[in-house]
Amino acid sequence: MMDERPLRWDASRDGLVGLALGNALLSLLTLGTYRFWGSARMRRAIWSRLSLFGDRLEYTGTGAELFRGVLRGMLVLLPLALVLMLVELALSEGNAATVMLEIVAGFGLFLLTMYAVFAARRYLAGRSTWRGIRFTLAGAGRSYVWLRVRLALLLLVTCGLAYPWTVAAETRWTINHLCLGTEPCRFDGGARDLVPPFLWALTVNGALAVLTLGVAGTWLTGLALAQAPDLSQMAGPPLLPFALLLMAFGPGWLIFEAAFLRWRAAHTSLAGVRFALPGASFSRVVRLAAGNLLIIVASATLLAPLALARRARFHAEHLRCDRLPDLSAVGQVAAGAATDQGLRDLLNPDPFAA
Amino acid sequence: MTEGPAILFDGMHAARRSVRASLLPAALGIHDEDGRELAQWPLVGLRIIDRAAGSIRLAPSAGDARLDVSDPLLAAALGDAVAAMPQGHGRWWFRAAGLAAMVLAGFWFAGPLLADALARVVPASVAAKLGDAAVAELVGEDKFCTGLAGQAAIDRLAVTLAAAASVPTPRVQVIDSKVINAFAAPGGQVILTRGVIAAVEGPEGLAGVMAHEFGHVHEDHGMRGVARAAGLHLLAMVATGNSKLGSAGAGVLSIANTRAFERAADAEAARILGNAGFGTGGLRDFLAGVDKQPSARGFLNTHPESSERVKAIPLRPGTKPVMPEADWTALRQMC
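So the protein lines, in turn, are chains G and S. Residue numbers for the first sequence follow numbering that gives the first Met the number 0, so the first one is 0 and each next one is one higher. Residue numbers for the second sequence follow numbering that gives the first Met the number 0, so the first one is 0 and each next one is one higher.
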């Protein structure tokens, strides 16, 4: 029976909106410099409102660490960018060497971005504690990067159809390397469960794209015939990228997102305790995503950290487990290799990440 | 002495341990339920990790141990006692502001020096390519003016001014645009617009504008400007974690840099015109009149106040004509 609530959100503590507004104001006044400190304060506030098995989580990272992380990231990126710029300038445009250089640089940037994602996650895990015990993301960065390279190639050769398998592999790697102190998390999910929601998402987005092309195309053609005959040529090409965009990022993906959240929780265990997220229904995930989008767009991204708080609260309200475990014997682990999220901040693979 | 129940996490294992916590004169005492002392955490250095209504989480100055106090009276007393202690590192916002100010000041003073040093070591071929790219961007859809006699007149004037400026003769081209602008690209090529030739009142004015651009070439402002702008955007990335606000700030600072270059180029122009034996009146008249021209908006955005610039250029008559009348006529008709 999945009737225990492992995660709770302390709704009696308000002030997150005020904190987000204050951070946004100070970031504006300091041309963005304050955002490292603001981000650390927001994480501390969100973590402290979350209780896992009855005890509050804690975020131990600091703004100065985030700031130093960006400085370190620059030490990596700057020489690379400079050498690349000078080499590119020295080569003439359009020749084979330049094209090769651009391909190599693009691949290098992909590798670096994937490493940045790994380093940022490891940093976040290492700065999150429960009962004074650190979370860790074990495993080597190169193993994660190599996995992402293989998954990207798989996506490429299957024109995206292998997406459920790539999501499953990435989730499996991440959760199987996540530990609370000496206690590892376990994940046993396979991609098969993700295939039906993936196909549903593609179907819904495809239908929306066809509908958009049809309606807008008819409207534009009518407009063109009424005004100037040559405008009719506009109906096709400008709408095509929009339709492709709809296929890639359309609302149908929320079907997949809801199924993914339920699937991830259902296949995760910690110290033999199994989890479930039965409340992650399509309608709730739509409400969560729409609310977050509204907050981000209406505040011109200044209040984006509130979206993170809403996601945390969503999990706290809907996550269930089969029993409350005795984790007294879980031991502390060494602070681990120093990583930070500086590279991720600079490469910006996900501008709304916390 | 205030005391009450608390939960201790020792930082080594995830066990919850029910303890008694007591506020001592200079420390937080922690005892087990049988009264045995487990630890004393000095109040100096004691950290408040989290504080909510009626509860507090504390940690010693170092280590992973935590103490959760849910007794409202004890929590309040401990919170007040820690707040009354001298803090070793000052307020967080004070440190953050200090750090940001240090980085900004470092870049503000050291940045231009580094950028200038970098500009000096950029190979000429690379600077020329950057110049070509900048010219292509500036010219856009406009065409180059191809009148042979006019181009020959410009080339002769360029040779005279380059000798006076002590620089290799830059390539000077005119584009068919009514916008009033002139531009010295990295690598030492100069672009004039039809608009600027129309706006100057005679050959002396054109010599003044060209001397100003040759001043940029002499000071290598094109390459230095590129290096400084890149450095500022880099600073924005570093200091703000790649935020758009930072980029906007870098843009504003770039204009401040550009204006400093313009003042330096004016001073150079006065020197070059003097060496060539040309008067400075034409340049002064051009600058005084350019404020009133709506098509000079691009020029004015990146340049200091014209009245201030006119004052900075000494009025000196020429000792010889800039070019024969026929050359001037050909030049005005070259587009």
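Here a beta-carbon is modelled for each residue, glycine too, at the ideal position from N, C-alpha and C.
Can you say whether residue i is buried or exposed, counting buried as having 16 or more other CB atoms within 10 angstroms of its CB?
i	result
residue 187 (chain G)	exposed
residue 188 (chain S)	buried
residue 340 (chain G)	buried
residue 354 (chain G)	Any answer about residue 354 (chain G) is impossible in this case: the structure gives chain G only from 0 up to 353.
residue 116 (chain S)	exposed
residue 164 (chain G)	buried
residue 178 (chain G)	buried
residue 325 (chain G)	exposed
residue 263 (chain G)	buried
residue 306 (chain S)	exposed
residue 102 (chain G)	exposed
residue 107 (chain S)	exposed
residue 299 (chain G)	exposed
residue 285 (chain S)	buried
Closer than 7 Å, CB to CB, is residue i near chain G or not?
i	result
residue 222 (chain S)	no
residue 8 (chain S)	yes
residue 227 (chain S)	no
residue 70 (chain S)	no
residue 193 (chain S)	no
residue 64 (chain S)	yes
residue 51 (chain S)	yes
residue 134 (chain S)	no
List the residues that DSSP assigns as beta-bridge partners of residue i.
i	result
residue 143 (chain S)	S:174
residue 18 (chain S)	S:5
residue 69 (chain G)	Answer is none; residue 69 (chain G) lacks a bridge partner.
residue 30 (chain S)	S:19 and S:36
residue 323 (chain S)	BP columns for residue 323 (chain S) are empty, so no partner.
residue 132 (chain G)	G:129
residue 185 (chain G)	G:268
residue 320 (chain G)	G:3 and G:274
Could you check where the alpha helix (DSSP H) with residue i kicks off and where it finishes?
i	result
residue 283 (chain G)	281–297
residue 47 (chain G)	34–47
residue 311 (chain G)	304–317
residue 204 (chain S)	202–217
residue 285 (chain S)	280–289
residue 276 (chain G)	Looking at the DSSP string, residue 276 (chain G) is not in any alpha helix (DSSP H), and its letter there is neither H nor E.
residue 402 (chain G)	A query on residue 402 (chain G) cannot be resolved here, the shown segment of chain G reaching from 0 to 353 and no further.
residue 77 (chain S)	71–82
Just checking: is the beta-carbon of residue i within a distance shorter than 7 Å of some beta-carbon in chain S?
i	result
residue 298 (chain G)	no
residue 331 (chain G)	yes
residue 263 (chain G)	no
residue 210 (chain G)	no
residue 12 (chain G)	yes
residue 326 (chain G)	yes
residue 47 (chain G)	yes
residue 230 (chain G)	At residue 230 (chain G) the pLDDT is 49, less than 50, meaning the model places this residue with poor confidence; the figure from the coordinates comes in the next sentence. No, residue 230 (chain G) does not count as interfacial toward chain S.
residue 339 (chain G)	no
residue 234 (chain G)	Bear in mind that the predicted position of residue 234 (chain G) carries a pLDDT of just 47, short of 50, making it too unreliable to give a figure here.
Which stretch, first to last residue, makes up the beta strand (DSSP E) that contains residue i?
i	result
residue 3 (chain S)	1–8
residue 192 (chain S)	188–192
residue 128 (chain G)	127–129
residue 56 (chain G)	54–58
residue 136 (chain S)	From DSSP, residue 136 (chain S) is part of no beta strand (DSSP E) but of the alpha helix (DSSP H) over 123–138.
residue 48 (chain S)	46–51
residue 55 (chain S)	54–58
residue 36 (chain S)	36–41
residue 66 (chain S)	65–68
residue 268 (chain G)	267–269
residue 184 (chain S)	181–184
query = Which residues, taken in chain order from the stretch 11–39 of chain S, show a beta carbon closer than 8 Å to some beta carbon of chain G?
reply = If you check each beta-carbon in the stretch 11–39 of chain S against every beta-carbon of chain G, the ones closer than 8 Å belong to 11, 12, 13, 14 and 15.
message = Taking beta-carbon pairs under 8 Å, can you tell me which members of the stretch 117–147 of chain G lie near chain S?
response = Look at the stretch 117–147 of chain G: the residues with a C-beta under 8 Å from a C-beta of chain S are 128, 129, 130, 131, 132 and 133.
request  = Using a Cβ-Cβ cut-off of less than 9 Å, give me the residues of the stretch 50–61 of chain G that come near chain S, in sequence order.
outcome  = So the close ones are 53, 54, 55, 57, 59 and 61.
request  = Name, going along the chain, the residues of the stretch 166–186 of chain G whose beta-carbon falls closer than 7 Å to a beta-carbon of chain S.
outcome  = Residues are counted here when their Cβ sits less than 7 Å from a Cβ of chain S; for the stretch 166–186 of chain G these are 180, given in chain order.
request  = Scan the stretch 277–298 of chain G for residues whose Cβ lies nearer than 8 Å to a Cβ of chain S and list them as they occur along the chain.
outcome  = Identification of residues in the stretch 277–298 of chain G having a C-beta nearer than 8 Å to some C-beta of chain S yields an empty set.
task = Could you run through the stretch 71–90 of chain G and flag, in chain order, every residue whose CB is less than 8 Å away from some CB of chain S?
result = Cβ contacts with chain S: 73, 77, 85, 88 and 89.
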